[in-house]
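Below you'll find the structure, written out as structure tokens, and then a few comments.
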Amino acid sequence: MSANRPAAVVVLAAGEGTRMKSKTPKVLHDISGRSLVGHVVTAAGDLSPEHLVVVVGHAREQVKAHLDTVYPGTRTAVQEEQKGTGHAVRIALESLDGTGQTLSGTVVVVCGDTPLLSGATLTALAATHAADGNAVTVLTAEVPDSTGYGRIVRDAATGAVTGIVEHKDASEAQRAIKEINSGVFAFDGQLLADALGKVRTDNSQGEEYLTDVLGILREAGHRVGASVAADHREILGINNRVQLAEARRLLNARLLEAAMLQGVTVVDPATTVVDATVTFERDAIVHPGTQLLGATHIAEDAEVGPNTRLKDTTVHSGARVDNSVADSAEIGPNAVVGPFAYLRPGTRLGLKSKIGAFVEVKNSTIGEGTKVPHLSYVGDATIGDFTNIGAASVFVNYDGEKKHHTTIGSHCRTGADNMLVAPVTIGDGAYTAAGSVITKDVPAGSLAVARGQQRNIEGWVARKRPGSAAAQAAQAAAAEGDRES
Numbered sequence: 071m072s073a074n075r076p077a078a079v080v081v082l083a084a085g086e087g088t089r090m091k092s093k094t095p096k097v098l099h100d101i102s103g104r105s106l107v108g109h110v111v112t113a114a115g116d117l118s119p120e121h122l123v124v125v126v127g128h129a130r131e132q133v134k135a136h137l138d139t140v141y142p143g144t145r146t147a148v149q150e151e152q153k154g155t156g157h158a159v160r161i162a163l164e165s166l167d168g169t170g171q172t173l174s175g176t177v178v179v180v181c182g183d184t185p186l187l188s189g190a191t192l193t194a195l196a197a198t199h200a201a202d203g204n205a206v207t208v209l210t211a212e213v214p215d216s217t218g219y220g221r222i223v224r225d226a227a228t229g230a231v232t233g234i235v236e237h238k239d240a241s242e243a244q245r246a247i248k249e250i251n252s253g254v255f256a257f258d259g260q261l262l263a264d265a266l267g268k269v270r271t272d273n274s275q276g277e278e279y280l281t282d283v284l285g286i287l288r289e290a291g292h293r294v295g296a297s298v299a300a301d302h303r304e305i306l307g308i309n310n311r312v313q314l315a316e317a318r319r320l321l322n323a324r325l326l327e328a329a330m331l332q333g334v335t336v337v338d339p340a341t342t343v344v345d346a347t348v349t350f351e352r353d354a355i356v357h358p359g360t361q362l363l364g365a366t367h368i369a370e371d372a373e374v375g376p377n378t379r380l381k382d383t384t385v386h387s388g389a390r391v392d393n394s395v396a397d398s399a400e401i402g403p404n405a406v407v408g409p410f411a412y413l414r415p416g417t418r419l420g421l422k423s424k425i426g427a428f429v430e431v432k433n434s435t436i437g438e439g440t441k442v443p444h445l446s447y448v449g450d451a452t453i454g455d456f457t458n459i460g461a462a463s464v465f466v467n468y469d470g471e472k473k474h475h476t477t478i479g480s481h482c483r484t485g486a487d488n489m490l491v492a493p494v495t496i497g498d499g500a501y502t503a504a505g506s507v508i509t510k511d512v513p514a515g516s517l518a519v520a521r522g523q524q525r526n527i528e529g530w531v532a533r534k535r536p537g538s539a540a541a542q543a544a545q546a547a548a549a550e551g552d553r554e555s
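Just so you know, we're using this note's numbering here: the sequence shown kicks off at 71 and counts up by one.
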């Protein structure tokens, strides 16, 4: 176990986020496959804290339900009224201990709307806090433009933090400081609990400010230090949808860069979108205009895109997916999908199988080497190995009340424009004729023909459509035939 393992991480997620102008709580807005608070909880989890507490307030039922579902085991503490960040942390500590006074070890406090914050940066913060023996360590960042941020003022001799000065209160010299406060801290737990009891509310908002703890501890003779984030963009908070989009762009670039450094070819990162939960193997290739979402996995030598959207889908080694959409599907090794295919949940494609242009597949298993090349719908079916499904085939699986299953064996050949009315079974090696409506089982090795007998009514066009272009063409053809005879 790491010596820097915190006693607790407290995530502040009680605010309403009115500037998002949304019925969805701010911390539940999605970015790269996780909620804002989900990214923070994931980063905090990298510290392996003894306790992880999310302080909830606005829309607490929604936020708690989300955490219970996606991050089970995460503790929540309710801040009934939003009375400041210091009050929120006090509520969190009291949820862990009846008095909030006996929690020993490091307590890390983070904001629930900082999705770019990484576990590595929090680990560095905890390590600096322990190594320097600080009472509190502030996560800071050096930014190109510090306008509007609280400036970090340090002791020139020791490097200790002597103050955080808000922009409106800063002198000209202080406004030139580029190092800013992130709102993320590591505290000595016992000193924090004691200092929170001394925080006053005689300010314009009548709230308990967590930053007041720094002054209280410093005045008591304790050291306040800082840990500088390697990338200032990690501390960016989200207050509106413009900032949400910018954070999504930054996180997407970070995820793609990590994938490329692991051996993935991303042809055009500017047009490629990937969730934080997507995984790759080396030598995978991602073409422009591709979105990879959820628990999607792209295996070695697989190739996806262009213009492809995959969600919760596994693409096995050597498979190719072109201009297609898949949701909760499994694409087997060296399989080919597309262009313009749609794989719905429950689709399982075998080794070297093929799903071609304008084919939709749902809840079906397609065997090794089997092909559904053109303009077909396959639903609730099991198809064996090395079978070919004719163009414009429809698996008729729904009777208006229930879905039914179709089973087709191996080495079968179904004709074009077949309707396969489930439940029905076609045995190994069987054929069906083009234009057939198959309603009965077909024995292995048989040919099924299920269509009306063709009848030609001669002279019908001349009688029913006299003077039409068709009638004139037919008359000309008849005349030409008479001359040839």
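Where is the CB? At the ideal position from N, CA and C, for every residue including glycine.
Annotated three-state conformation of residue 309 is coil, per DSSP. Cβ neighbours of residue 149 within its own chain (closer than 6 Å, five residues either side excluded): 84, 125, 127, 158, 161. Note that the C-beta distance between residue 256 and residue 286 is not below 8 Å.
Only residues of its own chain outside the window of five on either side were considered, and among them 428, 461, 462 have a CB closer than 6 Å to the CB of residue 445, listed in chain order. The Cβ atoms of residue 394 and residue 410 sit closer than 8 Å to each other. Assigned with DSSP and collapsed to three states, residue 165 falls in helix. Taking a 10 Å sphere around the C-beta of residue 400, we find 16 or more other C-beta atoms and assign the residue as buried. According to the DSSP assignment, residue 444 belongs to the beta strand (DSSP E) that extends over 441-444. As DSSP reads the structure, residue 458 sits in a beta bridge with 441, 483. Scanning 152, 498, 219, 190 for the CA closest to the CA of residue 307 turns up 219. Shown here, residue 138 sits in a helix according to DSSP, grouped into three states.
Looking from the CA of residue 408, the closest CA among 426, 421, 74 belongs to 426. If you look at residue 189, you'll find it in the alpha helix (DSSP H) that goes 189-202. Here residue 531 has 540, 541, 544 as same chain residues with Cβ atoms under 6 Å from its own Cβ, once five neighbours each way along the sequence are excluded. Counting along the chain, residue 381 sits inside the beta strand (DSSP E) bounded by residues 379-381. Distance check between residue 184 and each of 252, 154, 217 places 252 closest, using alpha-carbon atoms only.
Between the alpha carbons of residue 317 and residue 186 lies a gap of roughly 7 Å.
Taking C-beta atoms under 8 Å as the contact rule, residue 244 and residue 235 qualify, at a distance of about 5 Å. Residue 498 and residue 102 do not touch by the CB rule: their CB atoms are close to 47 Å apart, not below 8 Å. The beta carbon of residue 279 lies closer than 8 Å to those of 154, 155, 156, 269, 273 in the same chain, with the five residues before and after it left out. When DSSP reads this structure, residue 82 sits in a beta bridge with 125, 181. Contact annotation, residue 347 with residue 326: C-beta distance approximately 14 Å; criterion of less than 8 Å not satisfied.
Annotated three-state conformation of residue 426 is strand, per DSSP. Residue 479 is positioned such that its CB atom lies no closer than 8 Å to that of residue 492.
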